[in-house]
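Worksheet: the structure to be examined is printed underneath.
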Amino acid sequence: MITEAVQERETYLNASYGLKSWLLTKDHKRIGLLYLGTITFFFFLGGIFATLIRLELLTPKGDLVSADIYNKLFTLHGVIMIFFFLIPSIPATLGNFFLPMMIGAKDLAFPRINLLSWYLLVIGGCFGIYAMLAGGVDTGWTFYVPYSSTYSNTYVVATGLGIFIAGFSSILTGLNFIVTVHRMRAPGMTWFRMPLFVWANYATALIQVLGTPVLAITLVLLICERSLHIGIFDPARGGDPILFQHLFWFYSHPAVYIMVLPGLGVVSELVSTFSKKPIFGYKFVAFSSVAIAVLGFLVWGHHMFVSGQSVYAGLAFSFLSYFVAIPSAIKVFNWTATLHKGSISYATPMLYAFGFIGLFTIGGLTGLFLACLGVDIHVHDTYFVVAHFHYIMVGGALMAYLGGLHYWWPKMTGRMYPEGFAKLSALTIYLGFNLTFFPQFILGYLGMPRRYWTYPDEFQVLHVMSTAGASVLAVGYVMPLIYFIWSLRYGEIAGPNPWGATGLEWKTASPPPAHNFDETPVVTTEAYDYAALEAANVG
Amino acid sequence: MLASHTETLALREQFETPAQQKEASSLGMWIFLVTEVMFFSGMFLAYTVYRAAFSQVFSVASNTLNVVIGAVNTSVLICSSFTMVLAVHAAQIGSRKLLILFLILTMLLGGVFLGVKAYEWNQKFEEHHVPGPTFHLDGTTQQGQAQLFFSLYFAMTGVHALHMVVGVGILLTLLIQAFAGRYTAEYNTPIDIAGLYWHFVDIVWIFLFPLLYLIGRHHH
Amino acid sequence: MGTELPLFPVEASTVAPQVDHLFFFLLAVAAFFTAAIFVTIFYFAIRYRRRSESEMPVPVHGVMALEITWSVIPFGLTMVMFAWGASVFFRASRPPDGAQQIYVVGKRWMWKLQHMEGQREINELHIPVGRPVKLTMTSEDVIHSFFVPAFRTKADVLPGRYTTTWFQPTKVGKYHLFCAQYCGTKHSAMIGWIYVMEPQDYQTWLSGGATGSLASTGEKLFQDLACSNCHHLNDQGRCPNLRNVFGSNVLLSDGRTIKADEGYIRESILNPSAKIVAGYQPIMPTFQGLVTEEGVLQLIEYIKSLTPKPVPAAPGTTTAVSPRKISKQ
């Protein structure tokens, strides 16, 4: 043991050095870190736009930036956060790193395609940044026609191309995960012994593979319409702008499940580990992920209740939208039941899990308001929607991502983050988040529309509250950036299993060796078997 | 990161057995083809919607397409799928000569298809059926709707042709490697999955042909 | 700086209380489940906090009865939400008979409204309290959305098509009108006011400043554009008789039968060769570019005036509608 500490143990980090060894790596763990750096960059870029938006909205008049700039700010905030941060986030970082390890594999099925998917995200991102620097895009991330095809004078095509390319990054990640889960599980790792994080990423991969190509063709048609005026969405030529909405939302609704499902998987891991109990209702939670993926494809029209689509289409989509709520509810109840008679630790990852469950519950319940035809007429395209999706995406997905990052940080880096600061920033984020977004529900029901640069005076107090919350939130996000980097050098050295977690990834050293396992593991226990873990430790 | 010395074509490092590798590659290609189906489906949906809305104009427009040429192209592609099957079989029995022969035949047939397509498109250009400022379709007053037909026609056949070009490129790569003796009866997965891709591109055409060329023909 | 803190919008239409009751039901359910989850988790997190590293909880893999209960009950609640919401939605989508017709044209970045009596308004709408109003709307450019929070109504406004919405104001006052579909630079300036007035005040307002009813403006346009050269308003002439056409079923040359609604009339003016009435030649020229969207609405209102208002049917009777046969000259 002592000699090991003196000699530098071979890990995936020091197995080879040099830029080329990273930029041409086939190691899923290194690729996960490449993604981590990339999406962190895009997160803070999108965050800067959010900051400017909230600063402008401090006052009813447009006095910080011009209307055109404001419109570009919210467009770029949405495009960057969705396509270049949230969609890749958990699968491409934590999923890439841990999915193979969790099932006992040496790597993903197609390591070179994995690397290609990272390059595609970067290249797509470059197009997006080019569009941003050249003058920006102001169509909203939803690119509705005819505004985006005929009227906007901004860099729609460049942005569309960037998203198109990044879409292929997402498709390839999904493809890789599906094949890996089907074909690369270690002996004894049956489907129902897999960690729920793997189930969640598998379900997400199904959506990525089936939905993203439809976004791709929609963007192609939009670009053709804008550049070649083919008329497919232009009423003057017989085209239909509502067709664009159907095509767009057919991907973009399942896309929100791409963004939140992996987070649901992370939370299952955190709740189990930090209660030292298997997840209550494992099969229900596993199947609920797949159910969300499938049902998520059937509800896109709930974004179009007031669009002019037929009343009967509205009925069908509202009905189906209520179905997709149930599997999420099932998860929340099962997590809660897991806590019962558990041994609950308040380590930072668990705080994020608690925060997630609370905020995802609120966000999900407000989705029921939006699925409700009678109410949606009033709150559609208002801040009520903005609040709803930020509760899910920021209060939910982002908090799960941060929770997962804290949880697996010692495994990835061999270092612990500072627990005190981490708890403080988790609390800061939670409070800042609620102050930012809860007032927006009220604003929305009052009638404050989305994407408004100026607004009537009576909405100001609520906007000031929201901006105050955003400044707290910003502080909360900067703190982990600082202490995670700090921990790389000064953090406490971590052992293989600081949390006492089950799962094959915790049986390797921290950081793991390049080839993951010295010998292919043979799995004989169910998932989340803490008794077996303890027996193994004692023996 | 260099491949470890134990990695070979027949067994890449991440796999335990060649059989696992082959199954994974095959499943990967099938999933990729599913994504391609979803990609084309957006255009098929748009076409279906507009055909239903503008059936008469679409019929007039469709009748200007040359059914004979379309049918010839269809049979060329079906033959090319047949030669591709023969290529896969040749690889499986380890016959390098037959593999090379059938790869070349498949590529030639693919090239014939693309050449005929180019000829068709040129015809359309001369008849002023290419959407744009010089577009005009006789037989209807609804030029906007007619242009929609041809926009979708060029988009769908164009994207299909692009996939064919990529397919021919893939076959060329395989051909070069077949010459180098890379494929044996034990290791021929790339031929197999290229075959899947080629068949898919063929099947897309099998849908495109009746949808685009054969609307309302029985009226004439 | 605004210092008010409004928390709930005023209810100013017949639909608003219906929407709000539904909203409060949803709120109650949401609050209940939020509280239940928060309280339970808070309680478990404290009661079962880790007291020593060696404690080993008893694993519990699941209880089927619980899974079923907490799936079925929420599902039942969501079905209630669906049904209730659908019913409010249906009522909010169907204007009552006899609703006063207002025409709306949205364009970047203003709302143009036309009363049947002839008044034109920009970014403002004056209406009397207590009477239902039906809006027929179109856009000259991109998609907009007509949103009045106090009425709880919203409908997208599309180019090339008519969409409709309706409301019956219940409270005199001044209410925000917002564009609720992003439409470019001045989207947030595409706002205005709905003025709901006492009936007498509305009459007073109506009598000032009109240049004649919308239908008569439309009639004038009909003549200025030379429509009357072909459409002689009787069964002679090379063109279909426009008397009684609005609202009837029209037989087309391709065999289809179509209802002559606002959209059909608009298309007949802007793209006449798209649908030819059976028995007639496609000789009508297009008026695309020669008439504005508001002009089209004026013509529609005129053509509507050529169809006498139907006598309300006695309860229990139905009127059979057959395609209008138009005799060729």
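Protein chains in written order, with the numbering used here: chain A, 3 to 541; chain B, 2 to 221; chain C, 95 to 423. Backbone N, C-alpha and C fix where the C-beta goes; we use that ideal spot for every residue, glycine too.
| query | result |
| --- | --- |
| Could you check whether F45/A and S151/A sit closer than 8 Å to each other, using their CB atoms as the reference points? | no |
| What are the complete alpha helix (DSSP H) segments, minimum 4 residues, inside the stretch 83-108 of chain A? | 98-104 |
| In terms of residue numbering, what span does the alpha helix (DSSP H) encompassing A373/A cover? | T350 to A373 |
| By a C-beta neighbour count over all protein chains shown, 10 Å radius and 16 as the cutoff for buried, is H137/B buried or exposed? | exposed |
| Please name the residues in the stretch 51-67 of chain B whose beta-carbon is closer than 8 Å to at least one beta-carbon of chain C, in chain order. | Q57 |
| By the 10 Å Cβ neighbour count, where 16 or more other Cβ atoms means buried, how is F208/B classified, buried or exposed? | exposed |
| Closest to P264/A by CA distance: which of F461/A, Q247/A and S291/A is it? | S291/A |
| With 16 other CB atoms within 10 Å as the buried threshold, where does Y120/B fall? | exposed |
| Give the residues from the stretch 436-468 of chain A that approach chain C closer than 8 Å (Cβ to any Cβ), ordered along the chain. | I444, Y447, L448, G449, P451, R452, R453, Y454, W455, T456, Y457, P458, D459, E460, F461, Q462, V463 and L464 |
| Using the beta-carbon of each residue, which ones in chain B are nearer than 7 Å to D348/C? | Q57 |
| My parser needs the beta strand (DSSP E) runs of 3 or more residues fully inside the stretch 157-208 of chain C; what are they? | 194-201 |
| Using the DSSP secondary-structure output, state which residues sit across from M231/C in a beta bridge. | V198/C and T257/C |
| Beta-carbon separation of I260/A and I89/A under 8 Å? | yes |
| Quick one: list the residues of chain C neighbouring Q148/B, beta-carbon separation under 9 Å, in chain order. | Those within 9 Å of Q148/B in chain C number zero; the least Cβ separation is about 14 Å. |
| Just to confirm, are A511/A and P498/A a CB contact at a threshold of 8 Å? | yes |
| Are the C-beta atoms of P189/C and some chain B residue less than 8 Å apart? | no |
| Counting only C-beta atoms, is A131/B closer than 8 Å to chain A at any point? | The amino acid occupying residue 131/B in the given sequence is Val; Ala does not appear at that position. Not an interface residue. |
| Is it buried or exposed, G240/A, if we count other Cβ atoms within 10 angstroms and call 16 or more buried? | buried |
| Residues of chain B with CB closer than 8 Å to the CB of P376/C, please, in chain order. | T142 |
| Less than 6 Å between C-beta atoms, sequence neighbours within five positions excluded: which residues of the same chain meet that for G283/A? | N336 |
| With distances taken Cα to Cα, identify the nearest neighbour of F59/B among V205/B, G71/B and F150/B. | F150/B |
| First and last residue of the alpha helix (DSSP H) that includes A249/C? | Unbroken run through A249/C is the beta strand (DSSP E), T247 to V251; no alpha helix (DSSP H). |
| For A511/A, which three-state DSSP category applies? | coil |
| Does the beta-carbon of S81/B have 16 or more other beta-carbons within 10 angstroms, so that it is buried, or is it exposed? | buried |
| For Q294/C, name the three-state secondary structure that DSSP assigns. | helix |
| What is the C-beta distance between L336/C and L327/C, in whole angstroms, given that I count them as a contact (C-beta under 8 Å)? | 6 Å |
| Please report the distance separating the alpha-carbon of V113/B from that of S119/A. | 34 Å |
| Over what stretch of residues does the alpha helix (DSSP H) that includes R185/A continue unbroken? | V158 to R185 |
| From T220/A to E24/B, what does the alpha carbon distance come to, in whole angstroms? | 32 Å |
| What are the residues that DSSP puts in a beta bridge with F272/C? | F241/C |
| Can you give the Cα-Cα distance for P412/A and F325/A, rounded to whole angstroms? | 39 Å |
| Considering only residues of the same chain and omitting the five flanking positions on each side of H390/A, which have a CB-CB separation below 7 Å? | G365, T368, G369 and L372 |
| Closer than 9 Å by beta-carbon distance: list the chain A residues that pair up with T108/C, in chain order. | Correct list: empty, because the minimum Cβ distance to chain A is about 13 Å. |
| Grouping DSSP H, G and I as helix and E and B as strand, with all else coil, what is R417/A? | strand |
| Quick one: measure Cβ to Cβ for L197/B and M39/B, integer angstroms, because I've assumed they're closer than 8 Å. | The pair is not a contact, with the Cβ atoms about 16 Å apart (cut-off 8 Å). |
| Is the separation between the beta-carbon of V268/A and that of G398/A shorter than 8 Å? | no |
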